Amino acid sequence: MRFTIKQWNAYTLGCSSPKSWECYLAGKELPLDREEIDVSFLPALQRRRLTSLAKMVFHVAWPLGRSDGPQPLVFSSRHGDNIKNLALLVDVANKEPLSPASFSLSVHNAITGLWSIYRQQTAEMIAVAARRDSLETAVIEACLLLNQGHSSVLVVVAEDSQPEFYQPWIDDVPYPYALALEIAPGNDWQLTQEGALTILPFENQPRLPAGLSIISLLLGKVTEQIKRGATNQAWRWKHHVKG
């Protein structure tokens, strides 16, 4: 499948610009302390409803959002808002009443709902979770929306730091991060699925979690990226740079 990425934005601790991402790929260590995520473009009442995962999504996606027409959003996260979900499960275990507001904001599509309200967007809002393939699945969803006639689709992949309780089972989120892409019709980007057994080596950037695997492509450091998928297959990304 072919498309174009008109613009992108990515965030993690200490990295929020292309230059800072280049430094990280070159070996810079990330800060250990969590920092405040800038969502000052929202009114205070709206900011208070956002979890840290939602703040990262809004932080990277807001500059890419359109206000001149419909623009669907595809949100993708393997683990979702586990911090809020675990707190709710603890309340259930302790036989405490659940907060309706907390429950409504814990479901996987809560962030897309808030985005629709805050941006006053009536286009399609989609939330997916697909293990290591969450980024690619979101891009496929975006391309399907482009085929329906949309001229621009936002793709956002985000993962938050996981609660200590889950860390024995979750090892694919070394740090919180979010990546936003504006996908549009075009031919300069290509995504294909291939048999993993025939393609080695897999990751070009082992420092990066699955959702950030194309950062080197976005920065123009490489023109092709191969990534191991969730099952016995691989994803091949290509960026056809115009000469």
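Note that this note's numbering has the sequence shown beginning at 517, numbered continuously upward. Backbone N, C-alpha and C define an ideal beta-carbon position, used for all residues, glycine too. If you're wondering where the values come from, they're calculated on a predicted model, not measured in any experiment.
Between L733 and W751, the beta carbon gap of about 12 Å keeps them out of contact (Cβ cut-off 8 Å). Within its own chain, the residues whose Cβ lies closer than 7 Å to the Cβ of G596, once the five positions on either side in sequence are excluded, are H624, A645, listed in chain order. The C-alpha of A700 lies about 10 Å from the C-alpha of Q523. Sequence-distant Cβ neighbours of S536 in its own chain, meaning closer than 7 Å and more than five residues away, are G530. CA-to-CA, the gap between R582 and A658 works out to about 15 Å.
Counting C-beta atoms within 10 angstroms of its own C-beta, S533 has fewer than 16 neighbours from the protein chains shown and is therefore classed as exposed.
Residue environment analysis places T747 among the exposed positions, since fewer than 16 neighbouring C-beta atoms fall within 10 angstroms of its C-beta.
The beta carbon of W578 sits closer than 7 Å to the beta carbons of F557 from its chain, once the five residues preceding and following it are set aside; these are given in chain order.
A Cβ-Cβ separation of about 5 Å places V689 in contact with E675 under the 8 Å criterion. Membership of S592 in the beta strand (DSSP E) is indicated by the continuous run 589-592. In chain order, I553, V555 place their CB closer than 7 Å to the CB of K571, counting only its own chain and leaving out the 5 sequence neighbours on each side.
Across the set T520, L541, V590, D704, the C-alpha of D704 shows the shortest separation from the C-alpha of K758. Per DSSP, the continuous beta strand (DSSP E) segment holding D704 begins and ends at 693-711. By alpha-carbon distance to L651, the top candidate from P559, T528, V672 is V672. Taking the CA atoms as reference points, V608 sits about 28 Å from V573.
The C-alpha of L614 is placed about 34 Å away from the C-alpha of A526. Residue environment: V606 is assigned as exposed (fewer than 16 neighbouring CB atoms within 10 Å of its CB, all protein chains considered).
Secondary structure at R635: helix, using DSSP grouped into helix, strand and coil. In this chain, the alpha helix (DSSP H) harbouring N598 covers 598-609.
Between V590 and the set K737, L728, S632, the nearest pair of CA atoms involves S632.
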